[in-house]
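Heads up: the protein sequence lines correspond to chains V and P, in order. In this note's numbering, each number is its position in the first sequence, counted from 1, plus 46. In this note's numbering, each number is its position in the second sequence, counted from 1, plus 46. Everything on this sheet refers to the single structure shown next.
There are 2 protein chains.
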Amino acid sequence: MSNFAKTPEPPYYAVIFTSKRTEVDKGYGTMAERMVEFASKEKGYLGIESAREADFGITVSYWDSLEAIQKWKEHAVHKIAQEKGKAEWYKNYSVRISKVERDYSF
Amino acid sequence: MSNFAKTPEPPYYAVIFTSKRTEVDKGYGTMAERMVEFASKEKGYLGIESAREADFGITVSYWDSLEAIQKWKEHAVHKIAQEKGKAEWYKNYSVRISKVERDYSF
């Protein structure tokens with residue numbers, strides 16, 4: 047994490063996940079690592095970028111298709127994290143699914 | 047900053063700005079605040095979300111059109127920040143322009 051994702055030429059997809067954490071830490075770090083580990087094995091996964099500042103965090107994951115995003119959303123391990131996330135780790139979160147049309151870097 | 051952006055129903059646009067900072071701080075905080083202040087006065091601006099963890103940061107700004115994004119990119123004050131950013135504040139950065147097609151929150 048905390049590094050640039052090496053994405054291909056657009057178009058590709060970005061899932062922008064913003065979240066406000068609770069103060070409950072129980073297993074959060076392990077879960078976050080496992081999510082990256084599992085996601086990165088999925089077909090269509092292109093990379094991930096993440097930063098958290100106090101209780102507010104942004105994670106952007108990149109995918110080659112909407113189908114890949116949907117499959118990851120329904121992944122069994124991810125489902126468990128989603129449930130525990132709502133019950134314990136997150137006060138609020140927001141998910142935005144977007145299509146990257148252009149990119150450039152310095 | 048460090049809060050959820052209240053965006054309208056999709057579609058709208060997200061500019062995903064990821065960056066690695068140098069250790070040079072000269073005016074960085076003031077510039078960051080000014081950028082938010084100026085951007086938020088622009089036509090088509092919808093909101094901004096930002097988090098930095100150590101030297102890696104993610105800022106996502108939301109806009110109602112590609113034209114609004116282009117106009118902000120060419121804004122005089124923003125141009126100066128871009129130049130100073132390359133010269134002093136950022137080791138690397140990446141900009142991705144994407145169209146949000148779907149969103150949901152908890």
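The beta carbon of each residue, even a glycine, is placed where N, CA and C say it ideally should be.
Counting contacts by CB-CB distance shorter than 7 Å, is Gly103/P in contact with chain V? yes
Determine which residues of the stretch 66-97 of chain P have a Cβ less than 9 Å from any Cβ of chain V, and write them out in chain order. Lys66, Glu95, Ser96, Ala97
In the structure shown, what three-state DSSP assignment does Gly90/P receive? coil
Using a cut-off of 7 Å between C-beta atoms, extract the partners of Ala60/P located in chain C. Going by chain labels, chain C is absent from the structure shown, which instead holds the protein chains V and P.
Starting from Gly75/P, follow the alpha helix (DSSP H) in both directions and report where the run begins and ends. 74-85
Ends of the beta strand (DSSP E) at Val123/V? Per DSSP, Val123/V belongs to no beta strand (DSSP E); it is in the alpha helix (DSSP H), 122-130.
Inspect the beta-carbon positions of Thr105/P and Phe63/P and report whether they are closer than 7 Å. yes
Which listed residue (Ala133/P, Asp149/P, Ile115/P) has its alpha carbon closest to that of Val141/P: Ile115/P
Whose C-beta lies closer than 8 Å to the C-beta of Asp149/P among residues of the same chain, with five residues either side of it excluded? Thr53, Pro56
What does the Cβ neighbour count give for Phe152/P, buried or exposed, with the cut at 16 atoms within 10 Å? exposed
Would you mind reading off the limits of the beta strand (DSSP E) that contains Trp118/P? Careful: Trp118/P lies outside any beta strand (DSSP E), inside the alpha helix (DSSP H) at 112-119.
Partner residues on chain V for Ser151/P, Cβ-Cβ distance less than 8 Å: Asn138, Tyr139, Ser140, Val141
So that I know if they touch, is there some Cβ in chain V lying closer than 7 Å to that of Glu113/P? no
Per DSSP, the bridge partner or partners of Asn27/V: No statement about residue 27/V is possible, as the shown extent of chain V runs from 47 to 152 and does not include it.
Check the Cβ-Cβ distances between Val123/P and every residue of chain V, and say whether any is below 7 Å. no
With DSSP as the reference, label Ala60/P as helix, strand or coil. strand
Which residue comes first and which comes last in the beta strand (DSSP E) that contains Trp109/V? 102-109
Would you kindly work out how many angstroms separate the C-alpha atoms of Gly75/P and Ile143/P, rounded to a whole number? 24 Å
Does the Cβ-Cβ distance between Asp71/V and Leu92/V come in under 7 Å? no
Under the rule that 16 or more other beta-carbon atoms within 10 Å means buried, what is Ser96/P, buried or exposed? buried
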